[in-house]
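Notes follow once the structure below has been shown.
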Amino acid sequence: MRTWLSGLMLICTCAVAVDGPFEADEHTVLLMHFDGEARDASDCENHGRPRSELTFTEDGRFGQALLLDGTGGVPVNPSGSLHIGTCSWTWELWVRPIEARRATIIATGWGNNRQLGLRFDGKHVLAWSLSGSASAHLAAEPAEGTFFDDAWHRVALVVDRERGGELRLYVDGQRVGVDRAARIPPIVFESQTMGLCIGAIAPWYIGKPGGFVGAIDEVRLSDIVRPDYAVTDPLPPQPAVGATGVTPFTWDVAASTVPLRLTPQNTVIALNDGVRESTTSKAGAELRSFLRRAHGVTAGFELVDEGKVEDVPGQVVLALGPTRWVDPTEITSLSRDGYIIKRKASTVVICGGKSIGTYYGTMAFLDRFVGIRCYMPTDLWISLPETPEEAGITLGNIDLRIEPFTRSASLSGVQRIPGDKGWMQRIGGQRRLGGTHQHSLWTRFHPKRYAEKCPEIYGVVKGERYIPRKSHDQRWNMCYTNPATVNAAVDSARRHFRQRPQDVYLAYSVMDGHAVCECDTCLAAYKATDSGTDKHARTRGHSLVYWRFMNQLATRLEPLFPDKKLIGLAYASTRFVPPFTLHPNVVVFANFHIAELDADKIISPDATGTSRFEQWLTVCTMFGNHDWYHGNGFLIPRSYTGYWSHFMKALQEKAPAGVFQHCECYPNWGLDGPKYWLMNRLWWEPELDPEMLWQQFCDDMFGPAAAPMRSYWRRWETLWIAMDNVKGPERKLFRWGRQFLADAEDRAVLAACREDLDVAMGTAVTDRQRQRIELFSKTFRLCERLFELARAESLTQDRVDAVREYAVSLVQDPMTLYGAGAKPERALETIDRALTTLSKGKVK
Numbered sequence: 028m029r030t031w032l033s034g035l036m037l038i039c040t041c042a043v044a045v046d047g048p049f050e051a052d053e054h055t056v057l058l059m060h061f062d063g064e065a066r067d068a069s070d071c072e073n074h075g076r077p078r079s080e081l082t083f084t085e086d087g088r089f090g091q092a093l094l095l096d097g098t099g100g101v102p103v104n105p106s107g108s109l110h111i112g113t114c115s116w117t118w119e120l121w122v123r124p125i126e127a128r129r130a131t132i133i134a135t136g137w138g139n140n141r142q143l144g145l146r147f148d149g150k151h152v153l154a155w156s157l158s159g160s161a162s163a164h165l166a167a168e169p170a171e172g173t174f175f176d177d178a179w180h181r182v183a184l185v186v187d188r189e190r191g192g193e194l195r196l197y198v199d200g201q202r203v204g205v206d207r208a209a210r211i212p213p214i215v216f217e218s219q220t221m222g223l224c225i226g227a228i229a230p231w232y233i234g235k236p237g238g239f240v241g242a243i244d245e246v247r248l249s250d251i252v253r254p255d256y257a258v259t260d261p262l263p264p265q266p267a268v269g270a271t272g273v274t275p276f277t278w279d280v281a282a283s284t285v286p287l288r289l290t291p292q293n294t295v296i297a298l299n300d301g302v303r304e305s306t307t308s309k310a311g312a313e314l315r316s317f318l319r320r321a322h323g324v325t326a327g328f329e330l331v332d333e334g335k336v337e338d339v340p341g342q343v344v345l346a347l348g349p350t351r352w353v354d355p356t357e358i359t360s361l362s363r364d365g366y367i368i369k370r371k372a373s374t375v376v377i378c379g380g381k382s383i384g385t386y387y388g389t390m391a392f393l394d395r396f397v398g399i400r401c402y403m404p405t406d407l408w409i410s411l412p413e414t415p416e417e418a419g420i421t422l423g424n425i426d427l428r429i430e431p432f433t434r435s436a437s438l439s440g441v442q443r444i445p446g447d448k449g450w451m452q453r454i455g456g457q458r459r460l461g462g463t464h465q466h467s468l469w470t471r472f473h474p475k476r477y478a479e480k481c482p483e484i485y486g487v488v489k490g491e492r493y494i495p496r497k498s499h500d501q502r503w504n505m506c507y508t509n510p511a512t513v514n515a516a517v518d519s520a521r522r523h524f525r526q527r528p529q530d531v532y533l534a535y536s537v538m539d540g541h542a543v544c545e546c547d548t549c550l551a552a553y554k555a556t557d558s559g560t561d562k563h564a565r566t567r568g569h570s571l572v573y574w575r576f577m578n579q580l581a582t583r584l585e586p587l588f589p590d591k592k593l594i595g596l597a598y599a600s601t602r603f604v605p606p607f608t609l610h611p612n613v614v615v616f617a618n619f620h621i622a623e624l625d626a627d628k629i630i631s632p633d634a635t636g637t638s639r640f641e642q643w644l645t646v647c648t649m650f651g652n653h654d655w656y657h658g659n660g661f662l663i664p665r666s667y668t669g670y671w672s673h674f675m676k677a678l679q680e681k682a683p684a685g686v687f688q689h690c691e692c693y694p695n696w697g698l699d700g701p702k703y704w705l706m707n708r709l710w711w712e713p714e715l716d717p718e719m720l721w722q723q724f725c726d727d728m729f730g731p732a733a734a735p736m737r738s739y740w741r742r743w744e745t746l747w748i749a750m751d752n753v754k755g756p757e758r759k760l761f762r763w764g765r766q767f768l769a770d771a772e773d774r775a776v777l778a779a780c781r782e783d784l785d786v787a788m789g790t791a792v793t794d795r796q797r798q799r800i801e802l803f804s805k806t807f808r809l810c811e812r813l814f815e816l817a818r819a820e821s822l823t824q825d826r827v828d829a830v831r832e833y834a835v836s837l838v839q840d841p842m843t844l845y846g847a848g849a850k851p852e853r854a855l856e857t858i859d860r861a862l863t864t865l866s867k868g869k870v871k
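Take 28 as the starting number for the sequence shown in this note's numbering and just add one per residue.
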């Protein structure tokens, strides 16, 4: 991530501060002077986050210094810029210890056998590292007489990737521990972030005795080997490359077609040795739990480390992660979320591009081969075999390689439901490859950083330069015609990717309003596009200057970050397609409302012969869409999975290089909860048939009552399309006066929906089936009553009160409406507003 910096000229070539404090340059990722605070003086902003008031001494090496009593410390939040990874590093600091005790001076990692740090180890100062089973350490000469002389001493730790990951230690400018070679492999976290702790081995040890006692000053971390620590002597002998002693796994291909029976007694779940991410461990734990539940047992399907698995006749191995059964070539090109599921004789390999891909592959294995699916939050909505006999799992040949079609995806507004154990992760509903794609100008151009030095980048609104003062202010925009705006954007991107190198993209998305810059230059640019008859000329002109700005920014950033993407939001004042091709690193994020697919003619040709959707795909390489898939703001089922299928298949047919999706959800689980699982499946595999997915859901959840429940959902989808797209008016968020308008034909469908629910309840045979039907039945009952209030020409207050009384009892269940549950005030506020609108002028 940081290799682009290696060719830049150093601003400061002095590695060791002798005559003054350290200085920051473009390779500095953290610099703390400890002059009364623990703030980072580098542009990575890795500020300390102390949990209590810090103590400083005036007798620092340069100015003040941090003084620790053995219980204190300074934690730094995880950051991409602190990720050890595959980079070279120089850690420098000044120390004045008081007590000769085993104590950490500074450390990072502290997760799943990965660490790097400096500590006093009895009589020595010690540099150590750990990456899985690979460890290294270096020690200076005994510390007494050197460190415990009431003087300041300069310590440096170096990781030199140019020399095979050589670990070097320096005390007062002299290299120590030269009698032994120490190397460390890459220390990689999948999150590509690491935290840091000064004065303790990890943040959770702060406040406990046993920490560092003494003073620390001038801590500087750099992502290069500083010149004063460079060495040119020959490298010590290194182990032969590839001399691991591991023999590639081979198997009888024909044996992979013979039926393979999985039982609790003959099947083990093997987890990869070495560095193992917690997500892989979680995948193994969930696989074991679900397989045991399916078979009605509390033992069997044991979890074992890969190295402890022996070749036992009749044994089945479910191997998770990059185990010895995986050929590295099988996974090298997988994306983070992609996975393979491949049977190799009596071993079934499940491995992702990263550990989260292994987790998704594990859930896919349960779905495809065991019939276990997580449709909605809580255990009630997990499909499980009704009897152990039904759980019999027999596998044939398996050779799957799955990549999600939607590269970056997220569902927002999903509240935590009591009793749920991870529905969102199980379905892969939060797979963003970076931060938000939404209204980001405040963050990109924060006034504290840019307002004073380049105020001209902020737009002119109503004759004055408008510099926002609060993050939620939506009444402003940037001046996209000013060259200084591009310069500031380049600066903000460099800062962001330095702090978060793991992010695939960065958004420069307009605020949630219609304000545009009204300076003379921008107005002239808008006028140049005005034909004199276009009522949208100003917005069209602003769209043009915005997308031109995005092209300029992408061109400037490409040499620095060739693989990074820039999101531009096609929304409000930037919604018109520009008459030029966008830079391939620009992602267009549109705001097509899939609920109005037909009414808005999103994928239907307009007067130009092409759809708006196609027009965007003509000029961009990567495309994203933000949909409002509420939920909250509606008190009727709002399901349009058929529309989603059409939209995703159109994307697949004309797909650019990358597809991004985001949906605001705020679910009303009791009205239309299944739609989120269905939509997410289409995001992964657009070719899937939504009718098949609906039928699978109904079969799994309702058993013999599947037919009337499938009829119920089919009627509602048809009704939504008829009311919202065909007859109108559009059923908008919180527009209660429109939402419950229905003619005789619509009311007949509503009556048929109630009949479907009643038939289903009478047909269900298990308590779980009846509980599921009851959730939809009781929530729909509120919907029915609101339709009745809307139709009535006059009402009594008692009738209105009766509906509210029913609502009060309904929203005690968190699975009914958004905001329902232990504190249902938000849900009731929504219902009260609907009741007020529907009863206005009718109560006699």
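For each residue, glycine too, the CB sits at the ideal point set by N, CA and C.
Our two residues, Q579 and V513, have alpha carbons roughly 7 angstroms apart in a direct line. DSSP, reduced to helix, strand and coil, places A436 within a strand of the structure shown. Residues L407 of the same chain have their beta carbon placed closer than 8 angstroms to that of Q798, with the five preceding and five following residues left out of the count. Per the coordinates, the alpha-carbon of M59 lies some 11 angstroms from the alpha-carbon of E119.
Within the model, the alpha-carbon separation for G384 versus D70 is close to 33 angstroms. By the Cβ-count criterion, H499 is exposed, with fewer than 16 other Cβ atoms from all chains shown falling within 10 Å of its own Cβ. Relative to P275, the option among H180, V343, T356 and V344 whose CA is nearest is T356. One alpha carbon belongs to P606, the other to A511, and they sit about 24 angstroms apart. At the C-beta level, L816 and L865 come within 8 angstroms of one another. Annotation for R181: no alpha helix (DSSP H) segment contains it, though the beta strand (DSSP E) segment containing it runs H180 to D187. In this structure, A854 lies near V838, with their beta-carbon atoms less than 8 angstroms apart. Contact between L533 and G461 holds: their C-beta atoms lie close to 7 angstroms from each other, under 8 angstroms. Counting C-beta atoms within 10 angstroms of its own C-beta, V870 has fewer than 16 neighbours from the protein chains shown and is therefore classed as exposed. With a cut-off of 8 angstroms on Cβ pairs, the region 139 to 157 is in contact with the region 190 to 201, counting three or more such pairs.
Taking the CA atoms as reference points, Q292 sits about 7 angstroms from F328.
Counting along the chain, the unbroken alpha helix (DSSP H) around K309 starts and ends at S305 to H322. The Cβ atoms of R565 and Y553 lie closer than 8 angstroms to each other. In this chain, the beta strand (DSSP E) harbouring H164 covers A161 to A166.
Out of W116, A68, G595 and D62, the CA that lies nearest to the CA of G90 is found in D62. In the DSSP annotation of this structure, the continuous segment of the alpha helix (DSSP H) that includes L813 starts and ends at D794 to R818.
In the DSSP assignment, Q465 falls outside any alpha helix (DSSP H) and carries neither an H nor an E. Beta-bridge analysis with DSSP links Q142 to L157.
Under the criterion of beta carbons closer than 8 angstroms, A312 and T350 do not qualify as touching, at roughly 17 angstroms. Counting only runs of at least 3 residues, the region 616 to 678 fully encloses the following beta strand (DSSP E) elements, listed from N- to C-terminal order: 649 to 655. Between M728 and I444, the CB-CB gap reaches or exceeds 8 angstroms. Judged by beta-carbon spacing, G238 lies beyond the 8 angstroms limit of D364, meaning their Cβ atoms are not closer than that value. According to DSSP, residue pairing for E691 in a beta bridge involves S439 and W655. Taking the CA atoms as reference points, G47 sits about 29 angstroms from T98.
As the crow flies, the alpha-carbon of R370 is around 16 angstroms from that of M390. Assignment of A391 by DSSP, reduced to helix, strand and coil, places it in the helix class.
Separation of the CB atoms of T668 and P717 is rounded to 5 angstroms, and the pair is thereby assigned contact status at 8 angstroms.
In terms of Cα proximity to R129, the closest of A68, V186, P236 and A51 is P236. According to DSSP, Y485 shares a beta bridge with M505.
G204 has its alpha-carbon roughly 47 angstroms from the corresponding atom of T463.
Between the region 677 to 691 and the region 640 to 659 there are three or more inter-stretch CB-CB distances shorter than 8 angstroms, so the stretches are counted as touching. Rounded to the nearest angstrom, the gap between the Cα atoms of G334 and A161 is 16 angstroms.
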